[in-house]
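Peer 1: Dropping the structure in here first, questions after.
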Amino acid sequence: MKVKNISVAAVLSLLGLATANANELSFIAPLVKESLLLGVSEGKHNVIVGERGHILVNQTTGDAFAENFRQVLSPANVTLTDVFSLNNFAWAVGHDATIIKSSDAGLTWTLVQSDPDLDRPLLSVYFFDEKEGIAAGAYGLFYRSTNGGDSWVQEGHPGMLSPDDNDYLDSIKDDEAFYLEELSFISPHLNKVSASENTLYVAGEAGLLATSSDKGKSWKRIDIGYQGSFFDVGILPNEISLAVGLRGHMFVLATDEQLPIETCVTTSLNSVITSENKVFVAGNNGVILSIDIQKLNEDSANAYDTFDRANIANCKRHPSVSLVNTDFSDAILGGIISNDRLLLVTAGGLKTMVIEE
Amino acid sequence: MNPFVKKIENMVFENRMAVVIVFLIATVFLAYQASLLKLDAGFTKNIPLNHEFMQTYIKHQENFGGANNILVSVCDKNQTIYNQNFFDTLKNVHDQLFFIEGVNRSLVVSLFAPSTRFTEIVEGGFSGGPVIPADFNSSDPESLQIVRKNIDKAGIVGRQVSNDSRCAMVTAQLLDISPETGEPLDTLQIASKLEDQLRGQYENEQTSVHIIGFAKMIGDVADGAKDVLMFFAIAIAITAIMVYFFCKSLVLTFLPLACSIVAVVWQLGLLTVFGFGMDPMSILVPFLVFAIGVSHGVQMINAMGKKAAKGISVKDSARHAFSSLLIPGGVALLSDTIGFMTLLVIDIGIIKELAITASMGVAVIILTNLLLLPVLMSYVKLSDSHKEKYAKEPKESKFWLMVSNCASPKIAIGIVVVTGALFAWGSYQAQYLKIGDLHAGAPSLHEDSRYNQDTFLITDKFEITVDYISVIVEATPEACTRFEVMSAIDEFQWKMENIPGVQSGISLSSVAKKVNAGYNEGNPKWQALPRNQSTMVQAVSQVPSSSGLLNSDCSVMPVILFMEDHKAETIDTVVKAIKEISQEYETDELTFKLASGPVGVMAATNEAVEASQDPMLYYVFGAVIILCLISFRSIRATLSVVIPLYVVSVLAQALMTFLEIGLTVSTLPVIALGVGIGVDYGIYILSTMSQRLKAGDDVQTAYLEALKERGSAVLFTGITLAIGVSTWVFSSLKFQMDMGILLTFMFLVNMLGAIIVLPAIAFLLWFNSHKK
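Heads up: the protein sequence lines correspond to chains A and B, in order. Last residue of the first sequence: 357 (UniProt numbering), numbering continuous. Last residue of the second sequence: 772 (UniProt numbering), numbering continuous.
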């Protein structure tokens, strides 16, 4: 099996069918579906990315059964952290500020950007349309493309910083070089960029949650009063946005207020997985929470002890949240819902779970 | 008659009393020595120490431990481990193992080891501690809950706690030299301590204790080897009954058996004198010595009986038997001795020991059965019934007349054609003879033995086993801080994990990646090797050198690959892949060296065994051929003896393929031993034949004479010894059972080879003699 795959790769590269840099092609591995997988996108083909530049694509469109995914050749052998699909296009980002692009919905890929000297990973990618998109990552790393991802321009966004950091930056604004250097060091990690119809959200390090209404050109920080990191903002079917993060923290983001939702778990929550009528939140140690949207707005005034993690044994879960029993133990990074199944990308590979009503 | 033989004959028989007294004194002395003989097993004896892999193994043994591991799985029979009784037992087992002499105390690992720690991510950094906190109180359910959570956080499920949470593991490594006595470790003593102090003390209705590792395995083999004595007794009894029916004389039954036992006593005594012990794996050698002794002894009483039946005095008959058998018997035994000695070229301690044990044993048979036996026989008074037996010649010779047709034209050609076909089939099968262990678990023990059941349980419930191979990555000092080095190790490990047969892998790189994610709030998106050197240092510095993943200056970092089993094929695939894949990453400053770990040792042993297989046969047959040439002074005679022997040894290999017995350190010598057993028959038959042929007889007549003189003894010995060893299939040791089958085959088929194939070949080779 392995030999066969390698020879296919060899033939492809001989015929010039493989992407530009043949040396960087990742090793086609039998165990790829059990390796560290970090990002998944829904599109014409569903695309999954992970460590060592691994890219998995389901060959038949539409369904998302784990067995339909096959590894395709990758132009990068660094860890890829996130992927986004739109129509016939797909973009993925990863370590060494790597950006790769596909124009056939994920079957073949080209390397667009790689900057090993920068030594900073990109952690998220989002496209507004086929032309304009953004990529975000460690230490506030932020790029924008307006030509469908063929070239990228770096941007700095002090709007995401805390008021204290902003005060400091204001004080050194005159020395532009120093200002930019400091900005790139004090900026928090941008873990995930996501968007509702009108609003762009970023979830990041040290309590960072920020919104933008101009495609990320300017940002407004949400003051949430929690200093732990956020890993995702999910947009629920009824346009409610749900922020999830470190040690089981979860908040409903409303226009004026943020509603803490007690989950009674202590592991990081990495991803909000949504479909038309279902919402799951997945995290480290194989934790999956099922969210009942109808109950999310229920009164939370009966003193949920959101911040006292030490007292978890006596914890009362918010009525909207229920813990799904699984036998997973690996960290879950994301997933997609397909009919009655939940397809999950985890640190231990691709997992499928049947959703029970 | 050879004047030299005559001279010896006179010397011996004119001083009969003196000879008997000398033997008596020697036997008493050596019997005393033999009583001091100890069972002795050692890990390094089983290893080809000069093999390239083992050089790496020895070089790094101090830093990374050896391959001599002990795994103790403590299981709760009824519930999960989180109860007071279990934790108390586990603590006791840990402490008990820790204090067993010869255990490397710095490498005893279990939940109770201080090195078993957890870390968790909290806002702003790490928090962590020992999995079992200092204030742990096993009677407090809350305390147990804390431990349960710590175990989850530490990520040790599958390694230290079984996947079903019903067992926990205590692992240790054994030293080569006891730190207290400075002597090599007494492996069998450790094995019995493991059995008594761990299992004996802590296994009960609630708890089971499963112990695996080389020391335990060899201990169980040694325990099973005690049954071997019983099987020897059975074999001796069967032989005695058969010999009695053969010679119809109690005294003549007693003498060859007694002389053969004397040979065994001498052999065992000499082992002590030369400072050796008896390895459990060599336990069957004394029986072989006994068998070969009986084979020669029966020839001796047969030769004497025939003469005595003709009315010649017992003393003269004995003298005659002595002088007529000294040369053929001597040649046969000498070629055995030299043949066994050639096993010394194989560079594995245990085979060298076997070479010495076996060749010494066979050499003493020359003294006991060719010299002492006829001397003792000369004192015997034979009854009439005995003489009558030999008088019944007509009936017997009818049978021999029929058998002698093997040397008649049509039948001889038929036999040679069939033999050729068998040889072709055997050679074809023999190429599929596998090197190494063909089955999971310990091949010396039955599949349903406690040891193998424990092995299966541990493999099933845990993700680790004793089946791992360490690839030692050698680089420059501080290499673990360099991205290129760490990344090469990481990619090598990943490619190896993708090889079928590899279950999982661990290296400093794979751990450093997880630590790096840990430094980034446990976010798996950061589970990658940092390019930045100081970030790399930060990640690597979290891994202590006691983890066995790096040495003190991190110039050496093993990649540990856990394997699904240690079958020969699996090892072969993995070793081949290691050699191939490592080439992609090797530079002047970065080399991937094979190998350490139990499977590394097995790989080296398999390679050494494979490399020894052919030379061993060349040497054994070389010795037989040279001695035959010297004694018969005839190429044709030599060929007649050697060809059937060779065919049988090829067929024995085919049988091993068929029975799925792999060629290992313990089975490798069997073929050589088989040649030693088989050569006797041919030499006895041919020594009479060649005298006749020289006297001008045609082949069939010469053969008939040989059959009359020696045939019944050959036929008898083959059948008797085959029956004796065939009882071994009931042994509690799989190893002895395999040997029983193989030796039964060797005894029988070599006998048939000498009686059926030898004359047919002789007929073809002496083609011109029957034209006369």
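C-beta atoms are modelled at their ideal positions from N, C-alpha and C, and glycine is treated no differently. Computed from a predicted model, the values in this text were never measured in an experiment.
(1) Going along chain A in order, which residues have a C-beta closer than 7 Å to the C-beta of residue 796 (chain B)?
(2) Looking at C-beta atoms only, is the number of pairs between the region 284–304 of chain B and the region 333–353 of chain A that lie closer than 8 Å three or more?
(3) Strictly under 8 Å for the Cβ-Cβ distance: is P319 (chain A) near chain B by that measure?
(4) Quick one: list the residues of chain B neighbouring N285 (chain A), beta-carbon separation under 8 Å, in chain order.
(5) Please classify P644 (chain B): is it buried, with 16 or more other beta-carbons within 10 angstroms of its beta-carbon, or exposed?
(6) In terms of residues, what are the limits of the alpha helix (DSSP H) holding Y168 (chain A)?
(7) Rounded to whole angstroms, what is the Cα-Cα separation between I55 (chain A) and N104 (chain B)?
(8) Report all residues from its chain with a CB closer than 7 Å to the CB of N277 (chain A); omit the five preceding and five following residues, and keep chain order.
(9) Cβ closer than 8 Å: which chain A residues qualify as neighbours of K495 (chain B)?
(10) At a cut of 8 Å, does the region 662–675 of chain B reach the region 742–749 of chain B through at least three beta carbon pairs?
(11) Taking 8 Å as the CB-CB cut-off, is P524 (chain B) touching chain A?
(12) Quick one: measure Cβ to Cβ for V228 (chain B) and Q691 (chain B), integer angstroms, because I've assumed they're closer than 8 Å.
(13) At which residues does the alpha helix (DSSP H) containing V103 (chain B) begin and terminate?
(14) Please compile the residues from chain B whose C-beta is within a distance smaller than 7 Å of the C-beta of T263 (chain A).
(15) In terms of DSSP beta bridges, what is F118 (chain B) paired with?
(16) For Q206 (chain B), does the three-state DSSP call read helix, strand or coil?
(17) Does any residue of chain D bring its CB to less than 8 Å from the CB of N498 (chain B)?
(18) When you compare only the Cα positions, how much space is there between V19 (chain B) and W766 (chain B)?
(19) Would you check if the distance between the CB atom of G286 (chain A) and the CB atom of D330 (chain A) is smaller than 8 Å?
(20) Hey, does E356 (chain A) have any beta-carbon neighbour from chain B nearer than 8 Å?
(21) Have a look at Y304 (chain A) and N191 (chain A) and give me their C-alpha separation to the nearest angstrom.
(22) Can you look up V78 (chain A) in the DSSP assignment and give me helix, strand or coil?
(23) Against A528 (chain B), what residues of chain A qualify as contacts under a CB-to-CB distance less than 8 Å, listed in chain order?
(24) Taking the beta strand (DSSP E) that S212 (chain A) belongs to, which residues open and close that run?
(25) Tell me which residues of the region 213–239 of chain A have at least one Cβ-Cβ distance to chain B shorter than 8 Å, keeping chain order.
(26) Against chain A, does E183 (chain B) count as a neighbour if the rule is that its beta carbon must be under 8 Å from one of theirs?
(27) Assess, as a yes-or-no matter, whether the region 77–94 of chain A is touched by the region 524–531 of chain B under the definition of 3 or more beta carbon pairs within less than 8 Å.
(28) For the structure I just gave you, are there three or more beta carbon pairs, one from the region 102–110 of chain A and one from the region 42–54 of chain A, closer than 8 Å?
(29) With 8 Å as the limit, tell me which residues of the region 200–211 of chain A have their beta carbon closer than that to any beta carbon of chain B; keep them in chain order.
(30) Below 6 Å CB to CB, which residues in the same chain sit around F214 (chain B) once its five sequence neighbours on both sides are set aside?
(31) Applying a beta-carbon distance threshold of less than 7 Å, which residues of chain B neighbour P116 (chain A)?
(32) If you draw a straight line from the C-alpha of Y618 (chain B) to the C-alpha of A603 (chain B), how long is it?
(33) In three-state terms, what does DSSP make of F178 (chain A)?
(34) How should I172 (chain A) be labelled, buried or exposed, when 16 other C-beta atoms within 10 angstroms of its C-beta is the threshold for buried?
(35) Please classify Y143 (chain A): does DSSP put it in a helix, a strand, or coil?
(36) Given T27 (chain B), which residues of its chain have a CB within under 8 Å of its CB, disregarding the five upstream and five downstream residues?
Peer 2: Judging by the given coordinates:
(1) Outside the displayed range of chain B (1 to 772) lies residue 796 (chain B), so it cannot be described from this structure.
(2) Judged by Cβ distances under 8 Å, the region 284–304 of chain B makes no contact with the region 333–353 of chain A, as fewer than three pairs qualify.
(3) Along the first sequence, one-based indexing puts residue 319 (chain A) at 319. By this cut-off, P319 (chain A) is not an interface position.
(4) Within the first sequence, numbered from 1, the residue matching residue 285 (chain A) stands at position 285. Residues of chain B passing the Cβ test: D152.
(5) For this step, residue 644 (chain B) is matched to residue 644 along the second sequence. It counts as buried.
(6) In the first sequence, counting from the first residue as 1, residue 168 (chain A) sits at position 168. Element bounds for Y168 (chain A): P163 to S171.
(7) Translated into positions along the first sequence, residue 55 (chain A) becomes position 55. Translated into positions along the second sequence, residue 104 (chain B) becomes position 104. Rounded to the nearest whole angstrom, the CA to CA distance from I55 (chain A) to N104 (chain B) is 46 Å.
(8) One-based indexing of the first sequence puts residue 277 (chain A) at position 277. The residues P237, in chain order, have a CB closer than 7 Å to that of N277 (chain A) in the same chain once the five nearest residues on each side in sequence are set aside.
(9) Mapped onto the second sequence, residue 495 (chain B) falls at position 495. Those are F27 and A29, listed as they occur along chain A.
(10) Proximity of the region 662–675 of chain B to the region 742–749 of chain B meets the contact definition, three or more beta-carbon pairs being nearer than 8 Å.
(11) As a working note, residue 524 (chain B) is residue 524 in the second sequence. True, the Cβ-Cβ gap to chain A drops below 8 Å.
(12) The sequence position of residue 228 (chain B) within the second sequence is 228, counting from 1. The sequence position of residue 691 (chain B) within the second sequence is 691, counting from 1. The pair is not a contact, with the Cβ atoms about 41 Å apart (cut-off 8 Å).
(13) The sequence position of residue 103 (chain B) within the second sequence is 103, counting from 1. No residue range can be given for V103 (chain B), since it is assigned to no alpha helix (DSSP H) and is classified by DSSP as neither H nor E.
(14) Counted from its first residue, the first sequence places residue 263 (chain A) at position 263. Neighbours of T263 (chain A) across chain B, judged by C-beta separation under 7 Å, do not exist; the nearest C-beta is about 16 Å away.
(15) If you number the second sequence from 1, residue 118 (chain B) lands on position 118. According to DSSP, F118 (chain B) bridges with B:G129.
(16) Here residue 206 (chain B) corresponds to residue number 206 of the second sequence, with the count starting at 1. DSSP places Q206 (chain B) in the coil class of the three-state scheme, outside both helix and strand.
(17) This model lacks chain D altogether; the protein chains it does include are A and B.
(18) What you label residue 19 (chain B) is simply residue 19 of the second sequence in a count that begins at 1. What you label residue 766 (chain B) is simply residue 766 of the second sequence in a count that begins at 1. Each residue's Cα considered, the two are about 42 Å apart.
(19) In the first sequence, residue 286 (chain A) corresponds to position 286, counting from 1. In the first sequence, residue 330 (chain A) corresponds to position 330, counting from 1. Cβ distance < 8 Å, so G286 (chain A) and D330 (chain A) count as in contact.
(20) Position 356 of the first sequence holds residue 356 (chain A). The beta-carbon of E356 (chain A) is placed no less than 8 Å from the nearest beta-carbon of chain B.
(21) For the purposes of this step, residue 304 (chain A) is taken as residue 304 along the first sequence, with counting starting at 1. For the purposes of this step, residue 191 (chain A) is taken as residue 191 along the first sequence, with counting starting at 1. Only weak support exists for where Y304 (chain A) lies, its pLDDT of 47 falling under 50; the value from the coordinates is given anyway. The C-alpha of Y304 (chain A) lies about 27 Å from the C-alpha of N191 (chain A).
(22) The residue you call residue 78 (chain A) lines up with position 78 of the first sequence. In the structure shown, V78 (chain A) adopts coil according to DSSP, grouped into three states.
(23) Here residue 528 (chain B) corresponds to residue number 528 of the second sequence, with the count starting at 1. Neighbours of A528 (chain B) in chain A, taken as residues whose beta carbon is under 8 Å from its own, are E51, V78, T79, H95 and P121 in chain order.
(24) Along the first sequence, one-based indexing puts residue 212 (chain A) at 212. Note, S212 (chain A): beta strand (DSSP E), L209 to S212.
(25) Per Cβ criterion, the list reads Q227, G228, S229 and F231.
(26) For the purposes of this step, residue 183 (chain B) is taken as the residue at position 183 of the second sequence. Answer no: the Cβ-Cβ gap between E183 (chain B) and chain A never drops below 8 Å.
(27) Contact holds: three or more Cβ-Cβ distances are below 8 Å.
(28) Below 8 Å, enough C-beta pairs join the region 102–110 of chain A and the region 42–54 of chain A to call them touching: three or more.
(29) For the region 200–211 of chain A, the residues whose beta carbon sits under 8 Å from a beta carbon of chain B are, in order, E205.
(30) Stepping through the second sequence from its first residue, residue 214 (chain B) is reached at position 214. The answer, listed in chain order, is F43 and N68.
(31) To locate residue 116 (chain A), count along the first sequence from 1; it is residue 116. Contact note: P116 (chain A) reaches chain B through R531, using a C-beta cutoff of 7 Å and chain order.
(32) Along the second sequence, one-based indexing puts residue 618 (chain B) at 618. Along the second sequence, one-based indexing puts residue 603 (chain B) at 603. Their backbone Cα atoms lie some 24 Å apart in a straight line.
(33) Counting from 1 along the first sequence, the entry for residue 178 (chain A) is found at position 178. It is helical.
(34) Against the first sequence, residue 172 (chain A) aligns to sequence position 172. Per the 10 Å Cβ criterion, exposed.
(35) Taking the first residue of the first sequence as 1, we reach residue 143 (chain A) at position 143. The three-state reading of DSSP puts Y143 (chain A) in strand, counting E and B together.
(36) Here residue 27 (chain B) corresponds to residue number 27 of the second sequence, with the count starting at 1. Taken in chain order, the residues that qualify are V262, V265 and W266.
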